[in-house]
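By our numbering, the letter at position 33 of the sequence shown is numbered 39, and the numbering carries on one by one without gaps. Note that beta-carbon positions come from the ideal geometry of N, C-alpha and C, so glycine has one too.
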Amino acid sequence: HLDSEAFKDDLDETLNRAFKNGIEKIIIPGADIKDLPYAATIAHKYKNIFFAAGVHPYEIDNYDEKILRQYLCDEKCVAVGECGLDYFRFKSDLAEEIQKEKENQKKIFIAQLELAIEFKKPVIIHSREANHDTYEILHG
């Protein structure tokens, strides 16, 4: 996640160390729509850096297919993701709300898989405590 605040002050130094230690290429996984502009900027600045466009399960409230489509057309965007399911924690403790959140995650995951098929791009999958549902979606 090179687009993270943690790397803002020493990104060049971090990348130089990585390349000196044999890393040849890096993909910045997309986690939130809000971070895509910076990820794309980094990717266009460095020859061997690429990015993925996607929405992490915890960020699905920010999902915007139109914006994802824009970034998926970028030559430096090489994958869809990080997308998937994460059942580790939920916004509510109520069973009904948890089920609703799971269904929303599934819906957005499927939408991103469909974009990957349409744009002929691989997928970076995030699955945490959701193996069965992830498997069912991928093999459904």
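Segment contact flag, the stretch 60 to 68 with the stretch 11 to 30, C-beta cutoff 8 angstroms, min 3 pairs: Touching, no.
Those residues which DSSP pairs with R134 across a bridge: Under the DSSP definition of a beta bridge, R134 partners with D92.
E30 versus G60, L21 and V61, residue with shortest Cα-Cα distance: Nearest option by C-alpha distance: L21.
C-beta contact flag for C79 and I114 at 9 angstroms: Contact annotation: C79 and I114 have beta-carbon atoms that are not nearer than 9 angstroms.
Cβ-based burial, F56 [other Cβ within 10 Å; buried from 16]: With 16 or more Cβ atoms within 10 Å of its Cβ, F56 is classed as buried.
DSSP state of I5 mapped onto helix, strand, coil: A query on residue 5 cannot be resolved here, the shown segment of the chain reaching from 7 to 146 and no further.
Among N27, Y93, R95 and H132, nearest to V61 - alpha-carbon criterion: Nearest option by C-alpha distance: H132.
Reference Q118; option with closest CA among L74, A49 and I32: If we check each option's Cα against that of Q118, L74 comes out closest.
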